[in-house]
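Inspection log for the structure reproduced underneath, given as structure tokens.
In the numbering used here, the protein residues as written are 367 to 1198.
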């Protein structure tokens, strides 16, 4: 039956379509059934329904078809995806691009947006080079240079070339990640809208087209410059390795090697310049032929970029081959100047003259580049935040205001960078520890990485102090939260319907759940402290170059405590602590990676971070995994249209009869997928669709961290266009999510009516309703559920066994009620 022949208004069948959140909940958990069967999709995007023990699909339950969309295999489907653990810093920096607010039509805002994007791309290539550098430290320095010292340099040039294979292998692996795509990807719909820059759409003042970048088809196709960016990253990494490979001969004064090293440095600078000037990623994704001379020049530049990138990588490989031949011809002893390595180490202080020539200088250059890019990133993001801040009548409500005063992209870039430095240092320290267990002579990592260990030791102490302060805060406020829990579980009765021991557990969970409201402070501390430590390490390491050695410049005391060199007479406690943390981090990555290779459940756990950040397309970093939004949003939108009988695809048979209505029930990260999919439905389809979000971070995180894609105007657009058929469920014990459609909730006090403000009328506070049967608090479209589910205090009629926190929302007794609330009535007219 085709859509024109269907009469869904007379069909009592309707569909409840559930979408899971982070960690890829199994279909059995989503459907609350021990047996399920796949009824649609492919091996990655799968649709399931309940089944009998024999595997046969069960018939509809009172007219309801219960179905689940499982998208978790986009991020945790195969053992190869376990290797994505290595590139988490890449993903964080890439996601930071989408945290920038829309610049609108303001010229200065566009300039600041371009500066911020350029610095994020600089951090992206800096991270690529940092991880390749750490691989070179292990392969070329620790193994190929220092470990081969037993033969007094005989054949060590060949060991160095063998060690070169490790960073080249890492670069190949990163490139494979960047080339991966998702099959059968497509846009969720056609984009025929004009530019909406500067839109201030709010409730009651909405357009038919959603005011968000998620309503733009180019968002789902990604940046067309990504292939060129991938080649430029490879070019920069190969040029970096070429510099290292030329350095031993160049430091001995061989003119040919010096020329080769300079050519490699020039090529590295050219690749970096091209990456910076490639253009604002979010604008370049829609580059078209313009009418002005500038537009035509921009278009020519973007067409020329892939060609220049290909020339660059061919040149880099040619230089690397030249450097390898030069290194293979060396026969000079690696212990230069006839000085014993240990004696030279003692006389030179913290600088490792036994390390491979050039390894310290290259590391310092990378660190300096990243620190400068971070400083300029904060300047660019700060300028953009100031130019896009709304004031007066157009000011954004505080509950929907941007994180960290609009500086989220800079903070995320800082966290990603410092995490990348930590990953690289962790790998180096772990290999050093392993070699020193079996080697005749001990090896030492470069002096700069020893300062990184010192910085991580200080950071660990700072984090422990924050945890202790948080624990003290709970002890001070424990009675307050116990009282809050008691009031919530009283709901009109004289005594709480929960034992005292459970009230204390609930109070502790409520306190921990509120920690998410202070994450921006934690990021400020981590980013600020990280930049300060990086500057201190750079200043202390800055030197007057003499060969491959440096003479440190001392910091003004007491700032010198921020960066101290290794003490040849003993182990610095901070370096020891930092080394322990970094080696433990490396061991944890190996342990998780090994477990993830053999177990899908472990893969789901370790892929939680990718469930969050892999939604965003490749932009400033080309080596991140393929964005699942390109598939998941289109899959869900097409499935809804298919159920309703409105899918316009002559090759797809439609259900007979089609469903009359669909209720989409989306959890956690799945709520973002659902929102993006529902933006693309037609007015006729919207009239037959309702939405339930539960455990959703839409207001707590997405609105405030990604204002260009999910802000209050988007939520208001959905609420209006779906005629208020949207309910959100949350719990006070949920450490990740919270309310979405209401805010400014007053505390519950005995004898007083709680109030809140809502999306369907934020000009004043409304009285909230407390359900006397379940204790749920109805804040308009937001429903607060109690956790655990209330029971008689003697626990005779129901069990109280665990706190559900972020999960198991469909098992709550209020679930059927909330689904019925958003189920569209039969025969409703579409809102245009």
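Every residue, glycine too, gets a C-beta built ideally from N, C-alpha and C.
Given residue i as reference, the closest of the options once Cα atoms are compared
i: residue 595; options: 995, 985 and 1081; result: 985
i: residue 534; options: 617, 618, 729 and 499; result: 499
i: residue 736; options: 1189, 1022 and 901; result: 901
i: residue 1069; options: 820, 763, 720 and 732; result: 763
i: residue 1041; options: 636, 1088, 599 and 864; result: 1088
i: residue 895; options: 598, 777, 1137 and 1012; result: 777
i: residue 589; options: 464, 440, 863 and 881; result: 464
i: residue 973; options: 1182, 430, 442 and 411; result: 442
i: residue 607; options: 641, 526 and 541; result: 526
i: residue 453; options: 434, 502, 976 and 772; result: 976
i: residue 816; options: 721, 584, 775 and 761; result: 721
i: residue 769; options: 888, 1019 and 809; result: 888
i: residue 1096; options: 734, 805 and 1108; result: 1108
i: residue 524; options: 636, 448, 466 and 692; result: 692
i: residue 396; options: 405, 432 and 868; result: 432
i: residue 993; options: 548, 779 and 417; result: 548
i: residue 592; options: 686, 460 and 581; result: 460
Pair within 7 Å by beta-carbon distance, residue i and residue j
i: residue 626; j: residue 689; result: yes
i: residue 1199; j: residue 940; result: There is simply no residue 1199 to check, as the chain begins at 367 and stops at 1198 in what is shown.
i: residue 577; j: residue 1045; result: no
i: residue 1059; j: residue 1094; result: yes
i: residue 979; j: residue 387; result: no
i: residue 601; j: residue 510; result: no
i: residue 478; j: residue 788; result: no
i: residue 605; j: residue 682; result: yes
i: residue 1133; j: residue 753; result: no
i: residue 854; j: residue 1114; result: yes
i: residue 751; j: residue 772; result: yes
i: residue 1074; j: residue 579; result: yes
i: residue 1112; j: residue 1105; result: no
i: residue 826; j: residue 955; result: no
i: residue 392; j: residue 434; result: no
i: residue 528; j: residue 794; result: no
Residue i classed as buried or exposed, judged by whether at least 16 other C-beta atoms fall within 10 angstroms
i: residue 508; result: buried
i: residue 1200; result: No answer is possible for residue 1200: it lies beyond the span of the chain, which begins at 367 and ends at 1198.
i: residue 718; result: Because the pLDDT at residue 718 is just 45, under 50, the model does not fix this residue reliably, and the value given afterwards should be weighed accordingly. When all chains shown are included, residue 718 counts as buried.
i: residue 532; result: buried
i: residue 378; result: exposed
i: residue 883; result: exposed
i: residue 812; result: buried
i: residue 428; result: exposed
i: residue 381; result: buried
i: residue 662; result: exposed
i: residue 952; result: buried
i: residue 1180; result: buried
Same chain, Cβ closer than 8 Å to residue i, neighbours up to 5 away in sequence not counted
i: residue 1039; result: 385, 437, 981, 995, 998, 999, 1002 and 1032
i: residue 891; result: 828 and 832
Three-way DSSP call (helix, strand, coil) for residue i in this model
i: residue 867; result: helix
i: residue 1125; result: coil
i: residue 1087; result: helix
i: residue 753; result: helix
i: residue 1096; result: strand
i: residue 611; result: helix
i: residue 447; result: helix
i: residue 977; result: helix
i: residue 1145; result: strand
i: residue 1117; result: coil
i: residue 507; result: helix
i: residue 1059; result: strand
i: residue 820; result: helix
Cutoff 7 Å; reference residue i; Cβ partners in own chain excluding five residues on either side
i: residue 603; result: 494, 495, 498 and 537
i: residue 362; result: The shown model of the chain, from 367 to 1198, leaves out residue 362, and the question about it has no answer.
i: residue 1057; result: 1030, 1040, 1044, 1088, 1091, 1092 and 1188
i: residue 599; result: 491, 494, 988 and 989
i: residue 808; result: 802
Residues near residue i by beta carbon distance below 6 Å, same chain, minus five either side
i: residue 739; result: 485, 488 and 489
i: residue 1136; result: 857 and 1143
i: residue 309; result: Missing from the structure shown is residue 309; the chain here goes from 367 to 1198 and no further.
i: residue 544; result: 596, 988 and 989
Cβ of residue i within 7 Å of any chain C Cβ
i: residue 848; result: No chain C is part of this structure, which consists of one protein chain only.
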